[in-house]
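Residue numbering for the sequence shown follows the numbering used here, beginning at 2 and increasing consecutively.
Beta carbons: idealized from backbone N, C-alpha and C, even for Gly.
Worksheet for the structure shown next.
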Amino acid sequence: MYENILVICEDTGSTTHIKEHVRKKHEAFTLIKNNQNEFFDWFKKTFPDFKENYDEDKYILRFLYFSQNELPLTDDDKELYPLIKFVETPTLNYFYKISQCIKLSSKYEIFKFLNLEKSQIGDATNEESRKVFKAPIIYPKGMTGLKNGVRVVSFMMSAESLLSMSYVMRKDNWEESILLYQRLIDFNKIKKIRAFIAEHGQAFYNNIIVGLPDTVSFCDAYGNKVDINDISDFESCKLEIPDEMNSVCVIDGQHRIYAHYEGDEKDKYESKIAPLRKQLHLLVTGLIFPKTMNDTERIKFQSEIFSDINSNAKPVQPDVLLHIAMLKNPLCDVGIARHVLESLNRKATFLNMFEFSSLDEGKIKIASIIKFALRYLVTITPQEGKVSFYNYWRGNRKKLLEEDSEEYQNYVDFCAKNLDIYFSALKANYKDKWLIKENKLLSVISINGFIIAYNRQLIENGIRDFEFYNNCFKKFHVDFSNEGFRYTSSQYRKFSDEILAKVFNMK
């Protein structure tokens with residue numbers, strides 16, 4: 002319980018009959034949701050320490066399902082249980098790490114996870130709460146060099162406000178969106194900055210870069226609303242930003258913000274930091290996007306800024322740079338390949354087997370699969386004399402090349418579906434070996450060999466069904482044991498030669 006928010010959790014270590022178990026829990030949650038007043042009557046009797054500070058209709062319920070083991074649930078399965086938020090090990094690990102780094106300030110991201118707005122928590126107010134910033138610097142259009150309609154404004158903002166209003170597009174987090182690029186918080190970096198703030202009582206001078214929400218507004222000296230497009234030559238105005246959680250996107254500077262986190266009673270710096278959260282103001286440079294710019298375009302622009310800033314600072318991890326390349330050009334072969342792997346990871350054959358986060362452990366690493374095999378199978382620009390899935394796709398190519406999101410997803414689904422058919426046939430013939438680490442069947446070497454072989458036979462056989470591949474793999478006998486598998490390192494193409502010969506009767 003937090004204020005008027007009650008979170009009801011199921012924590013299970015069960016490994017059998019999971020779907021039946023989830024179904025029963027959802028029925029129980031539904032019963033509670035539909036009989037909330039009766040439930041709270043029982044709640045008050047069962048927990049006498051509960052202090053009823055709100056009217057019963059003010060309380061908000063959320064239902065979480067924690068699993069110690071990976072859930073064998075596809076996206077379609079989860080949609081059957083709309084009341085439940087599933088919390089699997091990677092998600093729990095993420096929140097654990099965030100809470101270890103920024104302690105009580107992690108509550109804002111938990112609120113976001115629970116789909117809660119600030120107005121829903123505690124006592125509601127009829128007044129619209131807005132933060133007002135006096136004398137912001139509003140850069141004239143011609144002085145930024147930007148040609149895409151993005152405007153730039155600089156102002157001072159308290160650390161406390163930034164903590165509650167900011168969010169970071171971290172690559173390793175609980176959201177399933179592909180449009181995430183920043184690295185996880187570095188605990189040691191946070192610790193050093195926090196010590197500096199506590200000991201010196203001052204903030205860093207370099208500015209924070211953020212993306213501002215569409216709901217920002219400007220007022221002149223008389224309180225009249227002014228459109229930003231009518232502002233020029235550093236005119237004196239006030240900037241107003243709605244005081245809403247998770248509304249300001251941090252592009253660069255997350256460690257400088259989160260070093261001001263709200264610590265617990267064990268935090269030796271909290272007594273010094275607490276007053277500084279309100280007192281210290283950080284220099285913020287905010288981007289205001291034209292309302293015609295969609296989310297994908299905004300994130301592409303933000304990711305480019307992040308890349309430009311950090312490419313000359315601390316080295317950015319290769320998989321993060323892969324995200325950046327993908328965001329700059331969604332139609333690039335590595336970008337499409339990663340989307341296809343994400344889709345495969347949600348299908349039965351490879352369900353939850355691929356590593357998409359540094360929080361995952363013991364899963365199939367994807368960088369080499371994308372770089373050395375899959376990109377060539379899914380590319381929309383195959384090399385001369387070669388083919389890819391694109392040659393066999395019957396979707397709207399004009400829309401795809403215009404980066405239409407629906408058509409892009411159609412192409413990704415087409416690639417993932419046909420790869421799933423191919424590998425499901427392989428799995429059907431090697432059921433007892435379809436285990437990560439127990440043998441080499443699901444090693445990167447093997448998977449790349451199978452993908453390359455598929456690509457090489459495509460021009461001769463085209464797109465085929467499960468029955469075709471199943472019959473082909475029946476005559477394929479290879480020792481995949483850790484001791485007996487004879488391919489090493491990057492011998493992907495050499496292994497694909499054997500697959501072509503034995504599976505597809507090709508030289």
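Endpoints, the beta strand (DSSP E) within which K86 is located: Reading the sequence shown from its first residue, position 85 is the one you call residue 86. If you look at K86, you'll find it in the beta strand (DSSP E) that goes I85 to V88.
Own chain, CB closer than 7 Å to R299, minus 5 neighbours either side, in chain order: Numbered from 1 along the sequence shown, position 298 holds the residue referred to as residue 299. Same-chain partners within the cutoff: G212 and F290.
CA-to-CA distance, W43 to I229, given in whole angstroms: Your numbering for residue 229 matches position 228 in the sequence shown. Your numbering for residue 43 matches position 42 in the sequence shown. Using only the alpha carbons, I get a separation of about 54 Å.
S15 classed as buried or exposed, judged by whether at least 16 other C-beta atoms fall within 10 angstroms: Within the sequence shown, numbered from 1, the residue matching residue 15 stands at position 14. Exposed: under 16 other Cβ atoms inside 10 Å.
Euclidean distance between Cα positions of K329 and A338: Indexing the sequence shown from 1 puts residue 329 at position 328. Indexing the sequence shown from 1 puts residue 338 at position 337. The alpha-carbon of K329 is positioned some 15 Å away from that of A338.
M157 to S130 span [Cα, whole Å]: Numbered from its first residue, the sequence shown carries residue 157 at position 156. Numbered from its first residue, the sequence shown carries residue 130 at position 129. Rounded to the nearest angstrom, the two C-alpha atoms are 18 Å apart.
E1 versus F390: straight-line alpha-carbon distance, rounded: As displayed, the chain neither begins before 2 nor continues past 508, which places residue 1 out of reach and without an answer.
Residue of K364, R152, R347 and L62 minimising C-alpha distance to F112: Mapped onto the sequence shown, residue 112 falls at position 111. Residue L62 holds the alpha-carbon nearest to the alpha-carbon of F112 among K364, R152, R347 and L62.
Distance between V388 and L459 (C-alpha atoms, nearest Å): Position 458 of the sequence shown, counting from 1, holds the residue named residue 459. Position 387 of the sequence shown, counting from 1, holds the residue named residue 388. Going from the Cα of L459 to the Cα of V388 covers about 7 Å.
Anticipated Cβ contact below 8 Å, V341 with L420, distance rounded: Residue mapping note: residue 341 aligns to position 340 of the sequence shown, counting from 1. Residue mapping note: residue 420 aligns to position 419 of the sequence shown, counting from 1. Right, their Cβ atoms sit about 7 Å apart.
Sub-8 Å separation of S573 and V445 beta-carbons: As shown, the chain starts at 2 and ends at 508. That puts residue 573 outside it, with no answer to give.
Euclidean distance between Cα positions of K86 and D221: Locating residue 86 in the sequence shown gives position 85, counting from the first residue. Locating residue 221 in the sequence shown gives position 220, counting from the first residue. In this structure, the straight-line span from the alpha carbon of K86 to that of D221 is close to 45 Å.
For E200, three-class secondary structure by DSSP: Locating residue 200 in the sequence shown gives position 199, counting from the first residue. Note: E200 maps to helix in three-state DSSP.
Cβ neighbours of K301 in the same chain (closer than 7 Å, five flanking residues each side left out): Residue mapping note: residue 301 aligns to position 300 of the sequence shown, counting from 1. Leaving aside the five residues that flank K301 on each side, the residues in its chain whose CB is nearer than 7 Å to its CB run, in chain order, L328 and K329.
Paired residues, beta bridge with S358 - DSSP: Position 357 of the sequence shown, counting from 1, holds the residue named residue 358. Beta-bridge pairing links S358 to no other residue.
Spatial neighbours of V133 in its chain, beta-carbon cut-off 7 Å, leaving aside the 5 residues before and after: Taking the first residue of the sequence shown as position 1, residue 133 is located at position 132. In chain order, K239 and E241 place their CB closer than 7 Å to the CB of V133, counting only its own chain and leaving out the 5 sequence neighbours on each side.
Backbone CA spacing between I33 and T47 [nearest angstrom]: Residue mapping note: residue 33 aligns to position 32 of the sequence shown, counting from 1. Residue mapping note: residue 47 aligns to position 46 of the sequence shown, counting from 1. Straight-line Cα distance between these residues: approximately 15 Å.
N-terminal and C-terminal residue of the beta strand (DSSP E) that G123 is part of: Numbered from 1 along the sequence shown, position 122 holds the residue referred to as residue 123. Counting along the chain, no beta strand (DSSP E) covers G123, and no H or E run does either.
Touching by the beta-carbon criterion (3+ pairs, under 8 Å), the segment 84-101 and the segment 51-69: Yes, they touch.
Between the CA atoms of Y223 and K372 - distance to the nearest angstrom: One-based indexing of the sequence shown puts residue 372 at position 371. One-based indexing of the sequence shown puts residue 223 at position 222. The alpha-carbon atoms of K372 and Y223 are separated by roughly 58 Å.
According to DSSP, residues forming a beta bridge with K135: Position 134 of the sequence shown holds residue 135. As DSSP reads the structure, K135 sits in a beta bridge with K239.
Short Cβ contact (8 Å threshold) for L84 with T31: For this step, residue 84 is matched to residue 83 along the sequence shown. For this step, residue 31 is matched to residue 30 along the sequence shown. It is a contact, given that the beta carbons lie within the stated cut-off.
G212 - partner residues in DSSP beta bridges: Counted from its first residue, the sequence shown places residue 212 at position 211. According to DSSP, which records beta bridges pairwise, G212 is partnered with C250 and L288.
Given 8 Å, three or more beta-carbon pairs between the segment 70-81 and the segment 99-112: The segment 70-81 is not in contact with the segment 99-112.
8 Å Cβ cutoff met for M246 and K59: As a working note, residue 246 is residue 245 in the sequence shown. As a working note, residue 59 is residue 58 in the sequence shown. Taking 8 Å as the cut-off, the beta carbon of M246 is found no closer than this to the beta carbon of K59.
The segment 194-214 contacting the segment 266-282, beta-carbon criterion three pairs below 8 Å: In short, these stretches touch, since the Cβ pair count reaches three.
Short CB-CB distance (under 8 Å) between P49 and chain D: Within the model displayed, chain D is absent; a lone protein chain is all it includes.
Nearest-angstrom Cβ-Cβ length linking I232 and I139, presumed shorter than 8 Å: Here residue 232 refers to the residue found at position 231 when the sequence shown is read from its first residue. Here residue 139 refers to the residue found at position 138 when the sequence shown is read from its first residue. Indeed, because the Cβ distance is near 5 Å, the residues count as touching under 8 Å.
Those residues which DSSP pairs with S167 across a bridge: What you label residue 167 is simply residue 166 of the sequence shown in a count that begins at 1. S167 is bridged to V249.
T31, DSSP secondary structure in three states: In the sequence shown, counting from the first residue as 1, residue 31 sits at position 30. If DSSP states are grouped into helix, strand and coil, T31 belongs with the helices.
L115 versus V251 - alpha carbon distance: For this step, residue 115 is matched to residue 114 along the sequence shown. For this step, residue 251 is matched to residue 250 along the sequence shown. Rounded to the nearest whole angstrom, the CA to CA distance from L115 to V251 is 20 Å.
N- and C-terminal bounds of the alpha helix (DSSP H) containing F40: Within the sequence shown, residue 40 is the residue found at index 39, counting from 1. From DSSP, the alpha helix (DSSP H) with F40 extends over Q37 to T47.
Exposed unless 16 or more other CB atoms sit within 10 angstroms - verdict on K510: Residue 510 lies beyond the stretch modelled for the chain, which goes from 2 to 508, so this question has no answer here.
Pair within 8 Å by beta-carbon distance, F496 and S425: Your numbering for residue 496 matches position 495 in the sequence shown. Your numbering for residue 425 matches position 424 in the sequence shown. No, Cβ-Cβ distance for F496 and S425 is not below 8 Å.
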